[in-house]
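J.: Structure provided below as structure tokens; questions to follow.
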Amino acid sequence: MKKISILVAAVFISIFGLGGCAQKEQAKIGIDPFVPNPAVLQKSGVIVLSGVVDAREDKRVVGRIVKGRKTVTTIYNDQALDKWLADALTKALEVEGCKVVKEVTDNKKAANVKVRIDYLGATFDRSRLTGENLTAKAAATLTIQQGKSKITKRVSIIQSKWAPPFTGEDEIKEYLQETLATLVDEIRENIDIYRF
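In terms of my numbering, the sequence shown opens at residue 15 and continues consecutively.
Rendered as structure tokens:
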């Protein structure tokens, strides 16, 4: 009986000890540089990446941890997302064999590409102990002009999964990284489809 009482006391202490930990109001993450997959098909041609613009209202916020619909931690990115996405798209397109430039050329066959980042964010709901409690979303608007043809396409990614209840910013960073890599691949695929 005494052993059971000690065991129960230890369980309560550990539960209240973990539950009583102070939650950080802010956390900062850094998105790692994009590493493209090897190209399956080789492409060619010139792509003018004339602009990647971050149109989000708050360009620093990339995620939050919530509990009971209340934000307990706001997660900030410590770098410019527009620069990150421009570098990532350049790498992804060059791996395929395309030449990526920033300045508009006289080449009539060159595809002029602009990207607007509309949304990026991850939300971890700490009050959900089962089911998909970590959601990441990314959305961008892609404009491709080649000669007299012009197309505007919205590209978006939404994914979610279950994460342990005491997940922190490292897990959120990893999931955002995965979501951004998927967004880069989607944008690259759309550039390939619409520029020929």
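We put the beta carbon where it would ideally sit given N, CA and C, even for glycine.
The structure displayed is predicted, hence computed values, not measured ones.
(1) Can you tell which of 146, 143, 148 and 65 has the C-alpha that lies nearest to the C-alpha of residue 157?
(2) In chain order, which continuous runs of the alpha helix (DSSP H) of length 4 or greater are located wholly inside the region 58-146?
(3) Any idea if residue 71 is buried or exposed, counting beta-carbon neighbours within 10 angstroms, 16 or more meaning buried?
(4) Looking only at DSSP bridge pairs, what is residue 156 linked to?
(5) Assuming residue 171 and residue 67 make a contact with CB atoms under 8 Å, what is their CB distance in whole Å?
(6) When the Cα of residue 204 is compared with those of 191, 159 and 87, which residue comes out closest?
(7) On the CB-based measure, 16 or more other CB atoms within 10 Å of its CB, does residue 91 come out buried or exposed?
(8) Taking the alpha-carbon of residue 47 as reference, which of 145, 187 and 82 has the nearest alpha-carbon?
(9) How close, in whole Å, do the beta carbons of residue 169 and residue 106 come, if the pair is a contact with beta carbons under 8 Å?
(10) Per DSSP, residue 149 forms a beta bridge with which residues?
(11) Applying the criterion that 16 or more other CB atoms from any shown protein chain within 10 Å of the CB defines a buried residue, is residue 117 buried or exposed?
(12) Cβ of residue 112 within 8 Å of Cβ of residue 167?
(13) Just list the residues that DSSP pairs residue 42 with in beta bridges.
(14) Check each candidate in 63, 179 and 163 and name the one with the smallest Cα separation from residue 145.
(15) Could you give the C-beta distance for residue 119 and residue 136, rounded to a whole number, given that I count them as a contact under 8 Å?
T.: Result, derived from the coordinates:
(1) 65
(2) For secondary structure counted as the alpha helix (DSSP H) over 4 or more consecutive residues, the region 58-146 holds these complete runs in sequence order: 95-109.
(3) exposed
(4) 129 and 167
(5) Their Cβ separation, rounded to whole angstroms, is 18 Å, which puts residue 171 and residue 67 out of contact at 8 Å.
(6) 159
(7) Residue environment for residue 91: buried (at least 16 other C-beta atoms within 10 angstroms of its C-beta).
(8) 187
(9) In fact, because the Cβ distance is near 13 Å, the residues do not count as touching under 8 Å.
(10) 137 and 174
(11) exposed
(12) Taking C-beta atoms as the reference points, residue 112 and residue 167 fail to come closer than 8 Å.
(13) DSSP lists 90 as partners of residue 42.
(14) The closest CA to that of residue 145, considering only 63, 179 and 163, is found on 179.
(15) So it is not a contact: roughly 38 Å between Cβ atoms.
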